[in-house]
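Read the structure below first, then the notes.
Residue numbers (my numbering), protein chains in the order written: chain A, 43 to 154; chain B, 141 to 250.
Following this line, the structure appears as structure tokens:
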């Protein structure tokens with residue numbers, strides 16, 4: 043089975059800190075995604091990547107950046123964390139367009 | 141944008157009941173996904189289907205492409221089925237992206 047591993051389940055950071063959320067998949071998937079999930083707003087796409095060093099903005103990219111230097115790893119970066127970035131962050135991957143998705147377990151980030 | 145609507149938003153059932161969750165979308169698609177999210181956050185992909193019906197254990201997913209509608213059925217429901225069920229379709233802007241429904245919170249009481 044494909045595994046998508048997120049580095050932390052729970053994270054508490056201070057306002058203004060630079061935060062790195064890491065995601066690793068082990069089955070050579072082309073596409074990787076970062077979502078955030080908030081009550082009443084559902085899943086919203088932050089960024090996705092369809093190849094190494096390639097990225098596209100999702101619906102809510104402001105305040106975030108991403109890095110994909112290797113195919114298996116997709117990092118989400120909060121340049122200067124703010125309290126409104128407190129949320130559940132979910133990483134996902136898919137082999138390519140038209141294939142199923144595999145999600146990570148999520149990282150619950152609290153910014154204080 | 142492909143609009144995705146799920147119903148009901150919340151569903152409470154007694155153990156053993158047959159459950160149906162519905163999903164409608166506005167624009168034709170190649171495939172539809174059903175996802176399950178338990179408390180604690182992790183999401184599991186249940187089905188990806190483009191036509192007809194798929195079955196896995198007590199879960200059955202159907203899709204009617206002409207009517208742009210899909211249903212997820214749970215037979216002989218059990219408290220461990222309590223979760224949020226989400227349907228998703230490829231976004232119009234990029235088929236690699238998904239557009240998600242708001243989710244259906246299912247609670248199955250013993």
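Ideal Cβ positions, reconstructed from N, Cα and C, are used throughout, including at glycine.
Residue i at chain A interface by Cβ criterion, 8 Å
i, result
"residue 183(B)", "yes"
"residue 242(B)", "yes"
"residue 171(B)", "yes"
"residue 236(B)", "yes"
Rounded C-alpha distance that separates residue i from residue j
i, j, result
"residue 93(A)", "residue 200(B)", "34 Å"
"residue 188(B)", "residue 227(B)", "10 Å"
"residue 180(B)", "residue 204(B)", "32 Å"
"residue 167(B)", "residue 247(B)", "30 Å"
"residue 58(A)", "residue 162(B)", "42 Å"
"residue 212(B)", "residue 183(B)", "16 Å"
is_contact[residue i, chain B] using C-beta, thresh 8 Å
i, result
"residue 56(A)", "no"
"residue 106(A)", "no"
"residue 150(A)", "yes"
"residue 130(A)", "yes"
"residue 125(A)", "no"
"residue 118(A)", "no"
"residue 139(A)", "yes"
According to DSSP, residues forming a beta bridge with residue i
i, result
"residue 192(B)", "203(B)"
"residue 107(A)", "119(A)"
"residue 150(A)", "52(A), 130(A)"
Secondary structure of residue i, DSSP reduced to three states
i, result
"residue 220(B)", "helix"
"residue 102(A)", "coil"
"residue 64(A)", "strand"
"residue 141(A)", "coil"
"residue 230(B)", "strand"
Where the beta strand (DSSP E) containing residue i begins and where it ends
i, result
"residue 125(A)", "Residue 125(A) -> no beta strand (DSSP E), and no H or E assigned at all."
"residue 70(A)", "No beta strand (DSSP E) holds residue 70(A); DSSP gives it neither H nor E."
"residue 84(A)", "84 to 93"
"residue 144(B)", "144 to 147"
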